[in-house]
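Residue numbers (this note's numbering): 135 to 538.
In this text, a Cβ means the ideal position worked out from N, Cα and C, and glycines have one as well.
Below is one structure, written out as structure tokens; comments come after it.
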Ligand SMILES: Cc1ncc(COP(=O)(O)O)c(C=O)c1O
């Protein structure tokens, strides 16, 4: 096993909570256990902390605080947005073939029941064309458009800024799953014309189990659950105040980082590593070359002769070398099914299990950056060696060699 320090390069699956977030959550566990709906001092303190965090999340996205509805994460925010708009009626929704399963599976299930569903198809870079919306919009009433902001598997950004006005001028609510983009790049739903935005704290160094649906209050939503009147009646139940507090700190830290001038070190590392990996023989870049999620590198891996390798085998081998990466979306890990995102992009089915994804972020700059830099510089050579040594997909699946 590798003796060097491990390098965590799977920030799209989750990120390590920052030191500030960990301290704030621990302090809130101690002191802010009151129920924010209670009128006494313990309750009022918890309520104050909750509302302060709401303001911090709102500031990150440049929306008024009453747009922020706390949820348990991105998955729940997506369900609240979609069921919330469509309700029990079927309705007609437009979405895409490159959504995260938290949107894709939900819409598919609704389609089996009563919802008419139109899926936009991506180009070879996993990008959707905004004008792709025009035809289904001409065909009849549409109740909701739901488009992912940044695709987690291949990193491509979607043209929300062009889609917002198309939906807005027709009065159609636009929902976006912004779980991957929020906190990593400027994301302003009001400027984009996005009425509903799902976000998740653990994707940008906040705690797991907390997120939000950002909702333009002009939209009336059906809640998923019935209960108390918390979160404007849209998310009944006593809020997890310590997690909300950690979310607020993560939002403040992300905002501060986004306001800083110049390219952060981890983004420079990403650029350099991407160029090196993408130029290896047998490695094929995936996703858009420029309009990408910050910190994101994705590719298909193969032998130098071009025979596809199983992405999960490369992940396992790199884990042994001390690099934590993934073969695609964390929600698909362990699945033997080829990536539906890669298939939708037109990748040959024989290669659709060959995805490899690396996601860098600010946590890499917290310790000794010289060590991190050394380890990143060594990585392309390790990948190159593995690609020569692993058994290709179209040959028997035993691993011939995982260490060089
Ligand atoms: C694009 C996207 N949406 C939603 C989710 C789910 O978020 P959460 O884990 O907070 O439920 C994820 C997490 O992988 C994601 O990448």
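Proximity below 9 Å, CB of residue i to CB of residue j
i           : j           : result
residue 215 : residue 355 : yes
residue 141 : residue 458 : yes
residue 339 : residue 222 : no
residue 502 : residue 366 : no
residue 431 : residue 524 : no
residue 194 : residue 450 : no
residue 145 : residue 429 : yes
residue 264 : residue 426 : no
residue 152 : residue 497 : yes
residue 305 : residue 327 : no
residue 323 : residue 197 : yes
residue 416 : residue 441 : yes
residue 211 : residue 334 : yes
residue 435 : residue 490 : yes
residue 219 : residue 353 : yes
residue 332 : residue 208 : yes
residue 411 : residue 517 : yes
residue 386 : residue 190 : yes
Segment limits, beta strand (DSSP E) that includes residue i
i           : result
residue 191 : Segment 175-195 is the alpha helix (DSSP H) holding residue 191; no beta strand (DSSP E) there.
residue 505 : No beta strand (DSSP E) contains residue 505, which is instead part of the alpha helix (DSSP H) from 503-523.
residue 349 : 345-349
residue 330 : 330-334
residue 491 : 489-493
Check: residue i C-beta below 8 Å from any heavy atom of ligand 1
i           : result
residue 236 : yes
residue 210 : yes
residue 226 : no
residue 319 : no
residue 246 : no
residue 206 : yes
residue 385 : no
residue 422 : no
residue 311 : yes
residue 282 : yes
residue 336 : yes
residue 146 : yes
residue 314 : yes
residue 345 : yes
residue 230 : no
residue 342 : yes
residue 332 : yes
residue 461 : no
residue 286 : yes
Opening and closing residue of the alpha helix (DSSP H) in which residue i lies
i           : result
residue 389 : 375-393
residue 475 : 474-478
residue 155 : 153-165
residue 450 : 445-454
residue 326 : 323-326
Below-9 Å beta-carbon distance, residue i vs any chain B residue
i           : result
residue 229 : Absent here is chain B; the protein component of the structure consists of one chain.
Next on the checklist: As an exercise, report each continuous beta strand (DSSP E) stretch of at least 3 residues that is fully enclosed by the segment 248-309, in chain order.
Outcome noted: 250-254, 278-280
Next on the checklist: I want to know whether the segment 379-387 touches the segment 336-351 - three or more CB-CB distances under 8 Å.
Outcome noted: yes
Checklist entry - If you pair each beta-carbon of the segment 292-311 with each one of the segment 239-249, do three or more pairs fall below 8 Å? => result no
Item to check | Sufficient close CB pairs (3 or more, under 8 Å) joining the segment 474-482 to the segment 223-240 | outcome: yes
Checklist entry - Can at least three beta-carbon pairs, one atom from the segment 308-316 and one from the segment 274-290, be found at a separation below 8 Å? => result yes
Item to check | Sufficient close CB pairs (3 or more, under 8 Å) joining the segment 169-185 to the segment 483-494 | outcome: no
Checklist entry - Quick one: any contact between the segment 256-273 and the segment 399-410, if contact means 3 or more CB pairs under 8 Å? => result no
Checklist entry - Does the segment 408-425 come close enough to the segment 446-457 that 3 or more CB-CB pairs lie under 8 Å? => result no
Item to check | alpha helix (DSSP H) runs wholly inside the segment 201-230, at least 4 long, in chain order | outcome: 208-220
Checklist entry - What are the start and end residues of each continuous beta strand (DSSP E) run of 3 or more residues lying completely inside the segment 398-439, in chain order? => result 430-434
Checklist entry - Is the segment 316-325 touching the segment 155-166, taking contact as three or more C-beta pairs under 8 Å? => result no
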